[in-house]
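Each number in the working numbering comes from the position in the sequence shown (counting from 1) with 159 added on.
Every residue gets a Cβ at the ideal spot worked out from N, C-alpha and C, and that includes glycine.
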Amino acid sequence: MSIKDVLNEDMKRALKEGQKERLSVIRMARAAIVNEEKDRMHELSDEEVIEVLSREVKKRRDAKEEYERLGRRDVAEELEREINILLSYLPQQLTEEELEEIVRQTIFEVGANSIKDMGRVMSAVLPRVKGRADGRAVNAIVKKLLQ
């Protein structure tokens, strides 16, 4: 069953069970997927759907940080709940230890030895962890290991 099919089934279930917040998030995700399909002019594969959902999670994380900075804890908590709902449709996220191991291995493979090689390392790591790790987390680990 594709991710889009799972979203459709979960939307129906949320509607029947009166889960308004979950329903709202699923509808938003489906709308983002449909918009992307219109832009690309083809039906999205599961990998492309994961890209769209990851982008939606990133938007919410950025907004959550901003609301926390502004002291709007209520909105930040709502965004955190939305993030958790979206994450349930993405592949299992990597732990920090797993991510660090992938970065170490990549640094060795590309022969990086200073912060100047960060671009090469990032471009090699990101495809490996696509949809399973946040780019900011990857960036922080790469910086830490190259210094």
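With H, G and I counted as helix, E and B as strand and the rest as coil, what does DSSP make of Gly-270? coil
Which residues in the same chain have their Cβ closer than 6 Å to the Cβ of Ala-283, if we skip the five residues on either side of it in sequence? Thr-265, Val-269
So, with DSSP's three-state summary, where would you put Pro-286? Looking at Pro-286 - three-state DSSP - the assignment turns out to be helix.
C-alpha distance - Asp-169 paired with Leu-182, whole-angstrom precision: 8 Å
Among the candidates Ile-300, Arg-214, Lys-217, Lys-179, whose CA atom is the shortest distance from the CA of Val-262? Ile-300
Would the region 284-297 count as touching the region 244-253 if we require 3 or more Cβ pairs under 8 Å? yes
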